[in-house]
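Taking it in order: structure first as structure tokens, then the write-up.
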Amino acid sequence: MSRTALRICPLCEATCGLTLTIDGTRVTGARGDRDDVFSKGFICPKGASFGAVDADPDRLRTPLVRRDGELREATWEDAFDAVAAGLRPVVERHGPHAVGVVLGNPTVHTMAGGLYPPVLLAGLGTRSVFTASTVDQMPKHVSSGLLFGDAYAIPVPDLDRTDHLLLIGANPLESNGSLCTAPDFPGRLKALRARGGTLTVIDPRRTRTAKLADRHIAIRPGADALLLAATAQVLFEEGLVALGELTPHVEGIDELRHAVRDFTPEAVAQACDVDAGTIRALARELAAARTAAVYARIGTCTVPHGTLASWLVDVLNVLTGNLDRPGGALFPQAATDRTPRPAGPGRGFTLGRWHSRVGNHPEAKGELPLSALAEEIDTATPEGEPVRALIAIAANPVLSAPDGARLDKALDGLDFMVSVDPYLNETARHADVVLPPPPPAQSPHHDFAFNTLAVRNQVRYTRPAIPLEPGRMAETEIHARLILAATGMHGADPSAVDDLVIGQTLGKAVKEAHSPVHGRDPRELAALLTGDNGPERRLDLMLRLGPYGDGFGARPDGLSLARLLDHPHGIDLGPLGPRLPQPLRTPSGRIELLPGPIADDLPRLRAALAEPPAELVLVGRRHLRSNNSWMHNVPALTGGSNRCTLHIHPEDAERLGVSDGAPVRVRGAGGEVTAPAEVTDGVRRGVVSLPHGWGHDRPGTRLRHAGTDPGVNVNQLLDGSLLDPLSGNAVLNGVPVDVAAVS
Ligand SMILES: Nc1nc2c(c(=O)[nH]1)N[C@H]1C(S)=C(S)[C@@H](COP(=O)(O)OP(=O)(O)OC[C@H]3O[C@@H](n4cnc5c(=O)[nH]c(N)nc54)[C@H](O)[C@@H]3O)O[C@H]1N2
Ligand SMILES: Nc1nc2c(c(=O)[nH]1)N[C@H]1C(S)=C(S)[C@@H](COP(=O)(O)OP(=O)(O)OC[C@H]3O[C@@H](n4cnc5c(=O)[nH]c(N)nc54)[C@H](O)[C@@H]3O)O[C@H]1N2
Ligand code: SF4
Ligand SMILES: [Mo]
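In full-length UniProt numbering, the protein residues as written are 1 to 743.
Have a look at this one:
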């Protein structure tokens with residue numbers, strides 16, 4: 001007997017609603033949920049393979065604990081005993097910073113990851129915090145922090161209403177979008193063209209997204225900040241700056257004009273390899289459009305001037321009056337956002353409140369660069385303790401961060417390591433304990449992170465589609481028990497963690513004048529929460545205190561978990577609307593257009609104008625049927641064009657004697673790899689491209705299918721020393737490499 005169940009897809013940022021077909025305890029099919037308020041039936045090949053991803057026979061079913069050097073199956077009780085016994089002595093002997101925490105990308109794709117890591121970090125008090133953000137979007141957090149005073153205030157392009165989209169260093173036709181949650185991103189781009197809007201794409205590769213565009217500019221990798229600075233310069237020079245309704249909310253416009261005055265199109269043209277006329281046209285089109293949005297992603301973040309480029313994206317949105325207006329770039333308002341406080345000055349955003357021990361890298365948003373993880377483990381310094389124990393949650397830095405070979409060695413030298421991961425992969429193989437979460441069909445889902453980045457305000461929640469198999473533990477409970485084991489409370493009831501958070505949150509809310517529960521009794525409020533378990537009660541709490549919430553009775557028709565459960569396909573909360581000045585948290589209470597740390601970094605950008613370009617540089621690429629490092633074990637998603645090949649332009653191939661399909665050796669500062677060449681004019685001259693997340697040939701893993709076509713680890717070409725200095729973000733694109741045919 002088969003039945004259906006709804007499940008929000010956790011496999012990328014688009015958050016599509018799926019209808020799963022279930023036979024017994026197995027997912028046998030997945031299609032787009034046509035009634036989903038947001039995704040309206042859209043599905044991609046990864047979502048369609050949800051059943052295969054869910055049922056991968058290599059997913060771990062029980063915890064693993066290392067005994068006599070070998071990882072062996074163990075009970076949950078033994079596993080958490082081992083975690084407490086491994087972590088506590090390190091904390092007690094060497095202090096909290098000796099315990100490192102690594103949070104990987106799927107942390108933002110699970111409910112557990114949304115609810116528990118902040119509690120873990122607060123409980124441990126460690127500064128050794130590393131996440132996938134510093135191989136991804138940290139530059140955007142830093143630029144938002146500096147411009148708006150809140151690192152999480154990230155404007156999202158109004159895809160469905162804009163007349164003009166300038167899309168930079170993103171390839172949503174493969175990635176399905178990032179820092180812009182939009183199910184059916186490809187369809188939305190086609191709709192933009194169909195309604196007479198224009199799409200400009202800046203990318204060194206002629207991607208599927210670029211092929212959709214009215215104009216494709218194949219920029220030299222790493223040069224976006226220069227091109228965007230020149231675009232801003234043209235707006236000033238030609239009198240095209242028009243802040244409109246933003247005027248009272250902006251300061252620093254004259255300082256900005258002065259700061260970019262020498263970045264003329266003529267000055268940057270050569271470094272960008274884009275002619276000055278094109279840059280001028282770009283600026284004029286942006287200014288002339290009725291509405292326009294500038295949107296940039298990973299290709300502008302993972303570069304030497306990532307923070308400057310990210311900042312300039314919003315600067316252009318401001319200068320053209322498109323920030324915070326329909327059709328431009330707007331701040332979403334998610335259902336689980338905190339109760340909006342009244343507008344006014346805030347504390348602002350500070351960088352470098354502490355520095356990493358070895359490389360002296362400034363923290364950003366409480367994090368140190370993932371590129372510095374290996375050195376923080378393997379290097380002793382007089383200043384403090386190296387990282388001796390590691391908690392890795394949904395993270396595979398051995399493949400996703402620079403120089404996996406060094407990290408491999410460093411992880412082997414740890415006193416203790418625990419991984420919360422469904423796979424025994426390149427990173428988890430170093431762990432002393434592996435705690436496997438259940439497959440997604442057995443987990444509840446709500447998108448805490450992506451709803452704050454969505455092109456439409458909406459809220460959805462799906463309960464587990466299949467009950468937990470015997471012997472499984474919910475990932476929320478795994479996290480709660482891990483927190484207890486790490487903080488000296490091993491053995492306590494895991495619901496204590498949820499109760500603690502609920503108590504603290506309500507305790508604070510009743511004291512806030514702007515809260516709907518101001519002055520009420522926190523215990524009385526806690527007793528009103530509904531839900532089957534701690535995580536559901538916490539979701540209820542956030543919904544009820546949030547901007548659309550029922551305020552525990554203050555707004556009787558507002559949101560609560562019970563109300564959301566009555567709407568299994570979600571609740572639409574309307575299009576994005578203007579919100580300024582409320583989201584601003586800068587000391588001035590305004591948008592600070594030229595923040596100090598940015599101004600201080602501009603001379604480095606100016607100096608880049610004089611640097612001779614490298615002969616050959618490397619960029620990455622994504623494939624629709626892949627996802628970072630962990631989806632190469634599903635046969636339905638591998639093969640065909642989803643392969644780890646080196647894209648190289650025909651002219652470069654000819655010059656270097658490289659022929660299509662033949663192996664080529666690629667050498668970078670961190671090492672070398674050999675991959676088959678794919679000669680294609682889809683990359684510009686002087687640029688080669690390798691995808692990341694491959695290199696599944698290490699011993700001691702349990703990824704049988706991935707091992708049959710392992711590919712190579714592109715990040716072995718990096719030594720981890722190249723960073724965007726403001727954000728600590730790794731430079732993964734525009735990296736100089738040597739390429740040679742293998743004889
Ligand atoms: N060269 C290069 N390198 C890159 C990039 C690039 O473009 N080029 N991209 C970077 C980016 S944007 C990112 S985000 C990082 C990603 O880097 P990581 O986050 O380190 O890697 P992922 O492959 O996303 O997966 C992390 C782990 O999560 C596990 N996992 C999957 N589902 C779950 C779950 O439900 N619960 C738990 N607990 N674990 C789960 C997987 O088994 C895997 O071990 O890679 C970065 N690395
Ligand atoms: N199918 C699939 N979907 C994914 C993922 C995946 O691995 N596979 N990963 C997910 C994650 S974690 C993330 S963060 C998002 C990322 O989402 P996107 O940012 O859309 O990711 P990419 O497809 O890598 O697109 C980046 C583009 O930047 C270009 N580029 C490289 N260097 C430069 C440069 O210097 N300047 C400019 N202008 N462009 C440059 C590259 O050629 C590439 O086409 O995707 C998410 N979705
Ligand atoms: S686009 Fe992303 S969220 Fe939607 S079905 Fe595909 S993988 Fe899942
Ligand atoms: Mo990412």
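Every residue, glycine too, gets a C-beta built ideally from N, C-alpha and C.
(message) On the CB-based measure, 16 or more other CB atoms within 10 Å of its CB, does G177 come out buried or exposed?
(response) Here residue 177 is taken as the residue at index 177 of the sequence shown, counted from 1. Its Cβ being crowded by 16 or more others within 10 Å, G177 is buried.
| message | Quick check: what's the CA-CA separation for T198 versus L167? | response | In the sequence shown, the residue the question calls residue 198 occupies position 198. In the sequence shown, the residue the question calls residue 167 occupies position 167. If you take the alpha carbons of T198 and L167, they lie about 11 Å apart.
Requested in this report: Please state whether DSSP places G484 in a helix, a strand or coil.
Outcome: Start at 1 with the first residue of the sequence shown, and residue 484 comes out as number 484. At residue 484 the sequence reads Leu, which differs from the Gly that was named. Three-state result, L484: helix.
Let's test the definition: count the other Cβ atoms within 10 Å of the Cβ of P194 and tell me whether it reaches 16, buried, or not, exposed.
The residue given as residue 194 occupies position 194 in the sequence shown. Reading off the sequence shown, one finds Ala at residue 194, where the question assumed Pro. The residue in question, A194, is exposed, as its Cβ has fewer than 16 Cβ neighbours within 10 Å.
(Q) Restricting to runs no shorter than 3 residues, where is the beta strand (DSSP E) found entirely within the stretch 55-95? (A) Correct list: 64-67, 70-73.
Fill in: Delimiting residues of the alpha helix (DSSP H) encompassing S721
Position 721 of the sequence shown, counted from the start, is the residue given in the question as residue 721. That residue, S721, is in no alpha helix (DSSP H); it is neither H nor E in DSSP.
- request: Give me whichever residues DSSP pairs with S2 in a beta bridge.
  value: Working through the sequence shown from its first residue, we reach residue 2 at position 2. Paired residue(s): D23.
Can you find at least 3 beta carbon pairs, one from the stretch 680-687 and one from the stretch 645-660, that sit closer than 8 Å?
By the Cβ test, the stretch 680-687 is in contact with the stretch 645-660, since at least three Cβ pairs between them sit closer than 8 Å.
- Task: Please say whether D493 and G534 have beta carbons closer to each other than 7 Å?
- Result: Against the sequence shown, residue 534 aligns to sequence position 534. Against the sequence shown, residue 493 aligns to sequence position 493. The answer is no: Cβ separation not under 7 Å.
With a threshold of 16 other CB atoms inside 10 Å of the CB of M1, please say whether the residue is buried or exposed.
For the purposes of this step, residue 1 is identified with residue 1 of the sequence shown, where counting begins at 1. With fewer than 16 other beta carbons inside 10 angstroms of its own, M1 counts as exposed.
- Is any heavy atom of ligand 1 found at a distance shorter than 6 Å from the C-beta of A527? Counting from 1 along the sequence shown, the entry for residue 527 is found at position 527. Relative to the non-hydrogen atoms of ligand 1, the Cβ of A527 never comes closer than 6 Å to any of them.
TODO: Starting from R456, follow its DSSP beta bridges and name the residues at the other end.
DONE: Stepping through the sequence shown from its first residue, residue 456 is reached at position 456. Residue pairing by DSSP places R456 opposite P575 in a beta bridge.
field: Bounding residues of the beta strand (DSSP E) (the contiguous stretch that carries A389)
entry: Here residue 389 refers to the residue found at position 389 of the sequence shown. Note, A389: beta strand (DSSP E), 389-393.
Open item on the list: Please list the terminal residues of the continuous alpha helix (DSSP H) segment that includes E512.
Closed with: Taking the sequence shown and counting its residues from 1, one reaches residue 512 at position 512. Here E512 belongs to no alpha helix (DSSP H), and DSSP marks it neither H nor E.
Does the Cβ-Cβ distance between L593 and V156 come in under 7 Å? Position 593 of the sequence shown, counting from 1, holds the residue named residue 593. Position 156 of the sequence shown, counting from 1, holds the residue named residue 156. Between L593 and V156, the CB-CB gap reaches or exceeds 7 Å.
Note to self: With three or more C-beta pairs closer than 8 Å as the rule, is the stretch 602-609 touching the stretch 658-675?
What the structure shows: Segments in contact, no.
**Prompt:** What is the DSSP secondary structure of P340, counted as helix, strand or coil?
**Reply:** The residue given as residue 340 occupies position 340 in the sequence shown. Here P340 carries a coil assignment [DSSP, helix/strand/coil].
Q: With DSSP as the reference, label F416 as helix, strand or coil.
A: One-based indexing of the sequence shown puts residue 416 at position 416. Note: F416 maps to strand in three-state DSSP.
Of the residues L256, A292, S128, the one placed nearest R357, counting alpha carbons only:
If you number the sequence shown from 1, residue 357 lands on position 357. Checking every option, the nearest Cα to that of R357 belongs to S128.
Original post:
In angstroms, rounded to a whole number, what distance separates the CA positions of V664 and V712?
Top reply: Along the sequence shown, one-based indexing puts residue 664 at 664. Along the sequence shown, one-based indexing puts residue 712 at 712. Rounded to the nearest angstrom, the two C-alpha atoms are 12 Å apart.
Practice item. May I ask which residues mark the beginning and end of the beta strand (DSSP E) holding G671? Key: The residue you call residue 671 lines up with position 671 of the sequence shown. Here the beta strand (DSSP E) through G671 covers 671-679.
Q.
Please state the DSSP three-state secondary structure of A550.
A. Within the sequence shown, the letter at position 550 stands for residue 550. Looking at the sequence itself, residue 550 is Asp, so the reference to Ala does not match. In the structure shown, D550 sits in coil (DSSP, three-state: anything other than H, G, I, E or B).
Among V666, V433, G327, L316, which one has its Cα closest to the Cα of D68? Locating residue 68 in the sequence shown gives position 68, counting from the first residue. Looking from the CA of D68, the closest CA among V666, V433, G327, L316 belongs to V433.
My assumption, with CB atoms under 8 Å, is that L319 sits in contact with V241. Please give the rounded CB distance. Here the question's residue 319 lines up with position 319 in the sequence shown. Here the question's residue 241 lines up with position 241 in the sequence shown. Contact holds; Cβ gap of about 5 Å.
Worksheet item: Is L159 near ligand 2, in the sense that its beta carbon is under 6 Å from a heavy atom of that ligand?
Response: Residue numbering aside, residue 159 sits at position 159 when the sequence shown is read from its first letter. In this structure, ligand 2 has no non-hydrogen atom nearer than 6 Å to the beta-carbon of L159.
Through-space distance from R481 to L173, alpha-carbon basis:
What you label residue 173 is simply residue 173 of the sequence shown in a count that begins at 1. What you label residue 481 is simply residue 481 of the sequence shown in a count that begins at 1. Distance between the alpha carbons of L173 and R481 is about 39 Å.
Taking the straight line between their C-alpha atoms, what separation do you get for G589 and I154? Taking the sequence shown and counting its residues from 1, the one referred to as residue 589 is at position 589. Taking the sequence shown and counting its residues from 1, the one referred to as residue 154 is at position 154. Looking at the backbone, the Cα of G589 and that of I154 are separated by about 17 Å.
If we ignore side chains and look at the alpha-carbon of each, how far apart do V634 and A52 end up? Walking along the sequence shown from the start, residue 634 turns up at place 634. Walking along the sequence shown from the start, residue 52 turns up at place 52. Straight-line spacing of the CA atoms in V634 and A52 works out to 7 Å.
Three-state secondary structure assigned by DSSP to L411: In the sequence shown, counting from the first residue as 1, residue 411 sits at position 411. Residue state, collapsed to three classes: helix.
| said: Following a CB-centred definition, is I253 positioned closer than 6 Å to any heavy atom of ligand 2? | reply: The residue you call residue 253 lines up with position 253 of the sequence shown. I253 Cβ: outside cutoff for every heavy atom of ligand 2.
**Message:** Using a Cβ-based criterion (distance less than 6 Å to any ligand heavy atom), does N176 qualify as near ligand 3?
**Reply:** Along the sequence shown, read from residue 1 onward, the residue named residue 176 stands at position 176. Inclusion of N176 in the 6 Å shell around ligand 3 follows from its C-beta lying nearer than that to a non-hydrogen atom of the ligand.
G17 in three-state terms, based on DSSP = Position 17 of the sequence shown, counted from the first residue, corresponds to residue 17. The three-state reading of DSSP puts G17 in strand, counting E and B together.
Review point. In whole angstroms, what is the alpha-carbon distance linking W694 and A449?
Key: In the sequence shown, counting from the first residue as 1, residue 694 sits at position 694. In the sequence shown, counting from the first residue as 1, residue 449 sits at position 449. One alpha carbon belongs to W694, the other to A449, and they sit about 27 Å apart.
* To do: Write down the C-beta distance between V735 and L717 rounded to the nearest angstrom, noting that I regard them as a contact closer than 8 Å.
  => In the sequence shown, residue 735 corresponds to position 735, counting from 1. In the sequence shown, residue 717 corresponds to position 717, counting from 1. About 7 Å separates the two Cβ atoms, so the contact holds.
7 Å Cβ shell around S49 - same chain, five flanking residues per side excluded:
Residue numbering aside, residue 49 sits at position 49 when the sequence shown is read from its first letter. Within the same chain, Cβ atoms closer than 7 Å to the Cβ of S49 are found at V634, A636, L637, the five residues on either side in sequence being excluded.
Discussion item. Ligand 1 and P437: does any heavy atom of the ligand fall closer than 6 Å to the residue's C-beta?
Written reply: One-based indexing of the sequence shown puts residue 437 at position 437. For ligand 1, at least one heavy atom lies less than 6 Å from the Cβ of P437.
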